[in-house]
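Colleague:
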Amino acid sequence: MMASVPIINIIRNRHHHMRQRSFMTLAALAATAIVLAGCTPSQTPTPTPTTAPAPDTTAGFSAGAKVGPNAIYAADQKPGTQLTVGMVSLEAAGYVVIHADNEGKPGPILGQSALLSSGVSNNVTVTLPQTVANGVQLHAMPHRDDGDGIFDAAKDAPIKDTLGNVISMMFAIDAQAAEAPPVQF
């Protein structure tokens, strides 16, 4: 019987070590799974403004992507009074309107282009009444002309995409912005 006590202790110790190793292996696998789950690429949502200063203040926004026959694209630009919107596609005649930023959403209107005909217009210039400072965020937004050929923010509403979102693209005024080459679509 004396000889069996040490054998039982050896078996118990081995069983304890095996359980401990199994637990450690299981813990390592769980930690690896958690780390790998954290490494899975996730899609970061594009910030999209949810209000507009024009008639429909509850509309969402489409961030410059071509969704249907209307679209707009504006690159970051250097400070100044003249801004260039690289491309605007309009289903009907309208304007490129530059809005100040209001906490990530389009704010007051700073300026607008001349009347543009339907179709694609490249490198549209908008002259502002004063220089826009470095570090400012702005929004380029197409507005539809009400048919009179004169821009009126109350009548010439922002254009919406096929999903009902106001089309808008945020861009920055940055002293280090590269000179954007002319855009052709």
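Here my numbering is used: the first residue of the sequence shown is 82, the next is one more, and so on.
No residue lacks a Cβ here, since even glycine has one placed at the ideal position from N, Cα and C.
What you are looking at is a predicted structure, and each value in this text was computed from that prediction instead of being measured.
Per DSSP, which one or two residues make a beta bridge with Gly161?
Modeller: Counting from one through the sequence shown, the residue named residue 161 turns up at place 80. Answer is Val213.
Colleague: When burial is assigned at 16 or more other CB atoms within 10 Å of the CB, is Pro223 buried or exposed?
Modeller: Sequence index remark: in the sequence shown, residue 223 carries index 142 (1-based). Pro223 should be labelled buried.
Colleague: CA-CA distance, Ile153 and Met250?
Modeller: Walking along the sequence shown from the start, residue 153 turns up at place 72. Walking along the sequence shown from the start, residue 250 turns up at place 169. Their backbone Cα atoms lie some 7 angstroms apart in a straight line.
Colleague: DSSP three-state label for Asn203, please.
Modeller: One-based indexing of the sequence shown puts residue 203 at position 122. Asn203 falls in the strand class under three-state DSSP.
Colleague: Find the nearest neighbour of Ser198 within the set Gly175, Gly245, Gly167, judged by alpha-carbon distance.
Modeller: For the purposes of this step, residue 198 is taken as residue 117 along the sequence shown, with counting starting at 1. Comparing Cα positions, the closest option is Gly175.
Colleague: Cβ of Asn204 within 7 angstroms of Cβ of Thr162?
Modeller: Numbered from 1 along the sequence shown, position 123 holds the residue referred to as residue 204. Numbered from 1 along the sequence shown, position 81 holds the residue referred to as residue 162. Not a contact, by the Cβ cut-off of 7 angstroms.
Colleague: Is the CB-CB distance between Val217 and Val177 below 7 angstroms?
Modeller: Taking the sequence shown and counting its residues from 1, one reaches residue 217 at position 136. Taking the sequence shown and counting its residues from 1, one reaches residue 177 at position 96. Going by C-beta atoms, Val217 is not nearer than 7 angstroms to Val177.
Colleague: Would you give the residue range spanned by the beta strand (DSSP E) that Lys186 belongs to?
Modeller: Indexing the sequence shown from 1 puts residue 186 at position 105. 186 to 193 is the span of the beta strand (DSSP E), which, as asked, contains Lys186.
Colleague: So what's Lys341 in DSSP terms, helix, strand or just coil?
Modeller: Outside the displayed range of the chain (82 to 266) lies residue 341, so it cannot be described from this structure.
Colleague: So, is Gln257 buried or exposed, given that buried needs 16 or more other C-beta atoms within 10 angstroms?
Modeller: By 1-based counting over the sequence shown, the position of residue 257 is 176. Looking at its Cβ environment, which holds fewer than 16 other Cβ atoms inside 10 Å, Gln257 is exposed.
Colleague: Starting from Gly267, trace the beta strand (DSSP E) in both directions and tell me its first and last residue.
Modeller: Because residue 267 is not part of the residues shown, which for the chain are 82 to 266, the question remains open.
Colleague: Could you name the residues that DSSP lists as bridge partners for Ile153?
Modeller: One-based indexing of the sequence shown puts residue 153 at position 72. Partner(s): Val169.
Colleague: Would you call Val244 buried or exposed, if buried means 16 or more other Cβ atoms sit within 10 Å of its Cβ?
Modeller: Within the sequence shown, numbered from 1, the residue matching residue 244 stands at position 163. Note that residue 244 is Leu in the sequence shown here, rather than Val. Looking at its Cβ environment, which holds fewer than 16 other Cβ atoms inside 10 Å, Leu244 is exposed.
Colleague: If Asp242 and Gly185 are in contact, beta carbons under 8 angstroms, what's the gap, nearest whole angstrom?
Modeller: One-based indexing of the sequence shown puts residue 242 at position 161. One-based indexing of the sequence shown puts residue 185 at position 104. Asp242 to Gly185, Cβ: 19 angstroms. No contact.
Colleague: Starting from Gln218, follow the beta strand (DSSP E) in both directions and report where the run begins and ends.
Modeller: Stepping through the sequence shown from its first residue, residue 218 is reached at position 137. 218 to 225 is the extent of the beta strand (DSSP E) around Gln218.
Colleague: Over what stretch of residues does the beta strand (DSSP E) that includes Ser198 continue unbroken?
Modeller: Position 117 of the sequence shown, counting from 1, holds the residue named residue 198. No beta strand (DSSP E) holds Ser198; DSSP gives it neither H nor E.
Colleague: For Asp227, I'd like the list of residues in its chain whose CB is within less than 6 angstroms of its CB, leaving aside the five on either flank, ordered along the chain.
Modeller: Here residue 227 refers to the residue found at position 146 of the sequence shown. For Asp227, where only same-chain residues beyond five positions count, the Cβ hits under 6 angstroms are Lys236, Asp237.
Colleague: Whose C-beta lies closer than 7 angstroms to the C-beta of Ala214 among residues of the same chain, with five residues either side of it excluded?
Modeller: Here residue 214 refers to the residue found at position 133 of the sequence shown. Excluding sequence neighbours, Ala214 sits near Pro160, Ile254.
Colleague: Give me the residue from Pro189, Leu196, Asn183, Ile179 with the minimum Cα distance to Ile231.
Modeller: Along the sequence shown, one-based indexing puts residue 231 at 150. Nearest option by C-alpha distance: Leu196.
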